[in-house]
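Peer 1:
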Amino acid sequence: MTNILEVQNLVKNYGDFQAVKGVSFHIQEGEIFSLLGPNGAGKTTTISMLSTLYEPTAGDATVAGHSVKKNPMGVRNAIGVVPQDLALYEDLTAKENLIFWGQMYNLSGKPLTSRVDEVLEQIGLTDKAKNKVKTFSGGMKRRVNIGVGLLHKPKLLFMDEPTVGIDPQSRRAILDTVKDLNKQGMTVLYTTHYMEEAEELSNRVGIIDHGELIAIGTQKELTKQVGETETLILHVGENEDPSALVSALKGLPNVIDANVVNNEISVVTPSAKDVLASVVTKANERGIKIHSIDIREPNLEAVFLHLTGRALRD
Amino acid sequence: MLKTFLIGLKDLKIAFRDRAAIIFMLLTPFLLTIGMGLVTGRFSSNDNSGALNIPIVIVNLDNDSLGDALVEVFSSEELADLLETTTSQDAEAARALVDKDEITVAIIIPAGFTQNIFSANASQSEEHQVEFYANPSRPTSAGIVKTILDGFMARVDEMRVGGITSVTQLIISGRISPEQANAVAEEMGARFENTPTDSDETLITLNTSTNQTETNEVDMLAYIAPGMALMFLMYTVSYGGRSILAEKSGGTLTRLLVTPTNSMQILGGKVFGIFLTGAAQMFILIGATSLLFQLQWGNMLGVILLVFAAVFGATGWGLLITAFARTPNQVGSVGSAVMLIFAIMGGSFLSTENMPDFVQTLSKITPNAWALDGFTSLAFGGDTASLTTPLLALLTMGILLFLVSAVLFGKKNLVQK
Ligand SMILES: Nc1ncnc2c1ncn2[C@@H]1O[C@H](COP(=O)(O)OP(=O)(O)O)[C@@H](O)[C@H]1O
Ligand SMILES: [Mg+2]
Chain A
34 MTNILEVQNL VKNYGDFQAV KGVSFHIQEG EIFSLLGPNG AGKTTTISML STLYEPTAGD
94 ATVAGHSVKK NPMGVRNAIG VVPQDLALYE DLTAKENLIF WGQMYNLSGK PLTSRVDEVL
154 EQIGLTDKAK NKVKTFSGGM KRRVNIGVGL LHKPKLLFMD EPTVGIDPQS RRAILDTVKD
214 LNKQGMTVLY TTHYMEEAEE LSNRVGIIDH GELIAIGTQK ELTKQVGETE TLILHVGENE
274 DPSALVSALK GLPNVIDANV VNNEISVVTP SAKDVLASVV TKANERGIKI HSIDIREPNL
334 EAVFLHLTGR ALRD
Chain B
5 MLKTFLIGLK DLKIAFRDRA AIIFMLLTPF LLTIGMGLVT GRFSSNDNSG ALNIPIVIVN
65 LDNDSLGDAL VEVFSSEELA DLLETTTSQD AEAARALVDK DEITVAIIIP AGFTQNIFSA
125 NASQSEEHQV EFYANPSRPT SAGIVKTILD GFMARVDEMR VGGITSVTQL IISGRISPEQ
185 ANAVAEEMGA RFENTPTDSD ETLITLNTST NQTETNEVDM LAYIAPGMAL MFLMYTVSYG
245 GRSILAEKSG GTLTRLLVTP TNSMQILGGK VFGIFLTGAA QMFILIGATS LLFQLQWGNM
305 LGVILLVFAA VFGATGWGLL ITAFARTPNQ VGSVGSAVML IFAIMGGSFL STENMPDFVQ
365 TLSKITPNAW ALDGFTSLAF GGDTASLTTP LLALLTMGIL LFLVSAVLFG KKNLVQK
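Residue numbers (my numbering), protein chains in the order written: chain A, 34 to 347; chain B, 5 to 421.
1. Quick one: any contact between the region 173 to 188 of chain A and the region 232 to 239 of chain A, if contact means 3 or more CB pairs under 8 angstroms?
2. What's the gap between the Cα of H132 of chain B and the Cα of F117 of chain B?
3. Going by Cα to Cα distance, which pick from A:T85, A:A120, A:E273 is closest to P105 of chain A?
4. Roughly how far, in whole angstroms, is the beta-carbon of V114 of chain A from the beta-carbon of I132 of chain A, given that I think they are within contact range, below 8 angstroms?
5. Ends of the beta strand (DSSP E) at L265 of chain A?
6. By a C-beta neighbour count over all protein chains shown, 10 Å radius and 16 as the cutoff for buried, is N358 of chain B buried or exposed?
7. With respect to 7 angstroms, is the separation between the Cβ of E230 of chain A and the closest non-hydrogen atom of ligand 2 below this value?
8. What are the boundary residues of the beta strand (DSSP E) that includes K45 of chain A?
9. Chain A partners of L261 of chain B, CB-CB under 7 angstroms?
10. Give the straight-line distance between the Cα atoms of T362 of chain B and N57 of chain B, rounded to the nearest whole angstrom.
11. Can you tell me which of the three DSSP states Q51 of chain A falls into?
12. Beta strand (DSSP E) containing S67 of chain A: first to last residue?
13. May I have a chain-ordered list of the alpha helix (DSSP H) segments no shorter than 4 residues that lie completely inside the region 171 to 239 of chain A?
14. Would N287 of chain A pass as a contact of P275 of chain A if the rule is Cβ separation under 8 angstroms?
15. Could you say which of B:I248, B:P264, B:F312, B:M40 lies nearest to L237 of chain B if we only look at CA atoms?
16. Within the 8 angstroms Cβ cut-off, does R246 of chain B reach chain A?
17. Starting from P264 of chain B, find everything on chain A with Cβ-Cβ shorter than 7 angstroms and list it in chain order.
18. Which first and last residues belong to the beta strand (DSSP E) in which T251 of chain A is found?
19. Would you say Y122 of chain A faces chain B, with C-beta separation under 8 angstroms as the test?
20. If you draw a straight line from the C-alpha of I328 of chain B to the C-alpha of V338 of chain B, how long is it?
21. Let me check one thing: in DSSP terms, what residues is I111 of chain B bridge-paired to?
22. For G92 of chain A, report the span of its beta strand (DSSP E) as first-last.
23. Determine the DSSP secondary structure at D242 of chain A, reduced to helix, strand or coil.
24. Is it the case that the CB of T77 of chain A approaches a heavy atom of ligand 2 more closely than 7 angstroms?
25. Out of curiosity, what's the CA-to-CA distance linking D92 of chain A and D213 of chain A?
26. Using a threshold of 7 angstroms, is the CB atom of N372 of chain B nearer than that to any non-hydrogen atom of ligand 1?
27. Which term fits V331 of chain B, buried or exposed, when burial requires 16 or more other beta carbons within 10 angstroms of its beta carbon?
28. Between Y47 of chain A and ligand 1, is there a pair consisting of the residue's CB and a ligand heavy atom that are separated by less than 7 angstroms?
29. Between the beta-carbon of G39 of chain B and the beta-carbon of G385 of chain B, is there less than 8 angstroms?
30. At a cut of 8 angstroms, does the region 152 to 166 of chain A reach the region 282 to 302 of chain B through at least three beta carbon pairs?
31. Based on DSSP bridge pairs, tell me the residues matched to N61 of chain A.
32. Can you grab the Cα-Cα spacing for the pair F66 of chain A / K274 of chain B, in whole Å?
33. By Cβ distance below 6 angstroms, which residues in the same chain neighbour F196 of chain B in space, the five residues on each side in sequence not counted?
34. For N36 of chain A, which residues in the same chain have their Cβ closer than 8 angstroms to its Cβ, ignoring the five residues on either side in sequence?
35. Between which two residues does the alpha helix (DSSP H) containing S340 of chain B stretch?
36. DSSP on E297 of chain A, reduced to helix/strand/coil?
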């Protein structure tokens with residue numbers, strides 16, 4: 034497998050502030066690679082340097098053999114970019130947007146129109162092609178935003194948080210699209226602050242925080258760092274107040290940590306089946322009704338917590 | 005080059021889809037043209053309220069047939085709305101009046117003017133030429149008067165050449181001897197002298213229409229319509245400027261910069277888009293007023309050249325405003341202010357001639373003033389040659405503003421690296 038992207042010690046300063054502090058990684062052809070990190074970690078800044086929008090303060094990267102510093106045009110021809118914020122002409126229709134952006138990628142004539150039809154099909158907007166983008170829902174706009182990045186069949190696609198702020202169905206559709214594209218042979222660099230997305234999509238994940246890549250590897254390799262823990266998830270009723278229960282759970286032997294988010298209590302333990310009985314007993318004592326219980330293997334969220342002491346979500 | 009064109013075309017499409025933009029680019033200037041036309045009486049017949057009344061003085065030292073005919077033309081009923089003609093016998097005093105700006109033009113017909121014209125070997129020397137003495141601060145009015153005078157002189161020339169040719173033919177054919185020729189020519193001159201009084205036909209027409217029997221009334225709309233169009237051309241260029249900043253804040257500029265398109269092509273495309281939209285607006289307004297009000301804009305090539313030059317100059321201003329502004333909304337509000345100020349200074353509402361001197365001088369920085377000069381002289385029959393000054397001024401203005409804006413855009417770092 035050849036590396037389609039190689040990043041060496043990439044640095045970006047905004048004035049005195051260093052947003053990216055010497056990041057290095059590579060992506061192999063055919064992979065989906067995720068950059069996972071909270072808001073402000075430096076994901077967009079990194080993608081901006083890789084897509085030749087910003088010049089790196091230091092370091093370099095090669096995309097499909099072209100240096101972002103020395104041959105930005107070569108890089109631009111090889112990549113597709115789906116920016117974090119929508120970048121479309123709202124007064125033009127979906128089709129007109131795709132045609133215009135296709136022209137910017139040097140497509141024209143019959144190849145352009147047939148490619149635009151293909152992409153419309155792929156993003157599921159064929160029947161809305163002649164509607165102005167400003168009449169679209171957030172999810173539909175996101176899909177057009179992705180479509181623009183696919184027009185010239187790039188070898189490498191950069192997707193910067195493409196699911197932020199949309200409904201669950203649209204998110205599902207987008208994640209499926211990413212997987213489809215990858216099956217058809219496209220390499221994808223995907224950034225997100227949703228652990229589940231990184232877990233579902235990626236072959237390998239880089240965890241980025243405060244401009245530094247703090248861990249990199251397959252999901253298995255990463256979770257191994259946390260040690261052999263499991264997490265019990267208790268789903269409780271809406272009207273319950275589980276905070277007292279959570280403190281009681283923290284006092285149990287073999288419980289490393291306990292937390293509550295909405296109606297979910299999570300209990301981190303070296304062995305779920307050993308603590309299950311005592312956890313249920315404690316809940317019964319307090320009259321809290323448990324709807325269901327899940328057992329989870331260590332996840333990327335736990336890895337992030339382990340490495341930074343903070344939760345991934347803000 | 006192709007991408008620059010495609011980006012410009014995209015912007016043209018977007019502008020003409022924006023309802024608010026259509027209202028300001030086309031509907032408002034059109035309605036204002038009608039409104040001001042009504043106020044000035046363009047749509048009611050023979051109403052004098054739309055008079056320009058350019059003050060001129062004619063000094064007739066010739067006191068012979070042609071000199072009298074010229075005075076008669078300038079004092080005629082047809083031109084009463086346009087000119088306020090007085091006569092005098094004192095050339096020096098007349099020039100002084102012009103210098104003092106009390107009179108726009110002095111026309112001085114030298115003694116012996118008629119004699120010279122009808123002598124077979126007419127002298128082209130200056131002492132026999134009609135002197136056109138105009139106040140340089142009133143190019144529009146002076147241009148109108150000059151156009152009328154040129155029309156008269158062209159007609160005289162035609163007659164004279166016709167006369168000489170006939171006389172020459174008579175000599176060649178042996179009907180008369182060369183010695184007799186002078187007398188014959190004078191007789192023809194005498195016949196010519198009676199022509200204007202013998203028939204209803206006037207000596208000149210007010211436009212370049214080749215049909216000499218058709219005299220056009222002075223059309224106030226020929227002044228109002230370009231004034232309004234030019235005013236809202238300034239709206240269009242600031243609208244275009246706003247779209248440059250909107251592409252930046254809306255993320256499309258960033259996206260363009262990661263396609264294989266360089267920043268010069270992108271900026272060029274944006275500028276071209278402003279230019280295209282402005283030109284489209286002007287041509288639509290010109291077409292609409294010609295069709296609906298039978299407004300004669302004049303020499304077609306001249307109109308086209310002037311539109312391009314005016315849009316070029318105005319685009320320069322749009323870019324300058326954009327280069328100073330931080331947000332699209334700032335471009336919008338500064339643009340509206342500039343639009344109004346330029347319209348007033350440039351004579352869209354009131355002829356600049358009634359304004360204080362410093363305003364008139366200042367008005368030269370507006371594309372409105374120059375283009376309006378050009379449109380007025382075209383409407384009064386001027387050809388492309390009469391546009392030399394406005395065209396040069398507008399092009400120079402555009403180039404200077406482009407350069408300054410380019411420097412400012414560079415400093416502003418539209419494309420952050
Ligand atoms: N243009 C900029 N100027 C100054 N600081 C910036 C700029 N863009 C981003 N930053 C800062 O750099 C850091 C990284 O931002 P960003 O790359 O957008 O993070 P992410 O995409 O991971 O949320 C943040 O602290 C952000 O505030
Ligand atoms: Mg980001």
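In this text, a Cβ means the ideal position worked out from N, Cα and C, and glycines have one as well.
Peer 2: Let me spell this out:
1. no
2. 6 angstroms
3. A:T85
4. The pair is not a contact, with the Cβ atoms about 18 angstroms apart (cut-off 8 angstroms).
5. 263 to 269
6. The residue in question, N358 of chain B, is exposed, as its Cβ has fewer than 16 Cβ neighbours within 10 Å.
7. Within 7 angstroms of the C-beta of E230 of chain A there is not a single heavy atom belonging to ligand 2.
8. 36 to 47
9. Within chain A, the residues near L261 of chain B are L86.
10. Contrary to the premise, residue 362 of chain B reads as Phe rather than Thr in this sequence. Annotation: F362 of chain B to N57 of chain B spans about 22 angstroms, alpha carbon to alpha carbon.
11. strand
12. In this chain, the beta strand (DSSP E) harbouring S67 of chain A covers 65 to 69.
13. 171 to 183, 201 to 216, 228 to 234
14. Going by C-beta atoms, N287 of chain A is not nearer than 8 angstroms to P275 of chain A.
15. Cα-wise, what sits closest to L237 of chain B is B:F312.
16. no
17. Neighbours of P264 of chain B on chain A, chain order: M106, R109, N110, Y138, N139.
18. Unbroken run through T251 of chain A: none, as it is neither H nor E.
19. yes
20. The question names Ile, but residue 328 of chain B in the sequence shown is Phe. When rounded, the distance between both Cα atoms is 10 angstroms.
21. B:I62, B:F136
22. 91 to 96
23. strand
24. yes
25. For clarity, residue 92 of chain A is Gly in the given sequence; the question names Asp instead. The straight-line gap from Cα to Cα measures roughly 33 angstroms.
26. Not so, every heavy atom of ligand 1 lies at least 7 angstroms from the Cβ.
27. Looking at the sequence provided, one finds Thr at residue 331 of chain B rather than Val. T331 of chain B comes out exposed.
28. Correct: Y47 of chain A has its Cβ closer than 7 angstroms to ligand 1.
29. no
30. no
31. Residue 61 of chain A is actually Gln in this sequence, not Asn. Paired residue(s): A:N36.
32. 36 angstroms
33. Bear in mind that a pLDDT of 48 at F196 of chain B, under 50, signals an unreliable position, so the number given afterwards is only what the model happens to contain. Excluding positions up to five away in sequence, the list reads M163.
34. H59, I60, Q61, E62
35. For S340 of chain B, the enclosing alpha helix (DSSP H) covers residues 332 to 349.
36. Three-state result, E297 of chain A: strand.
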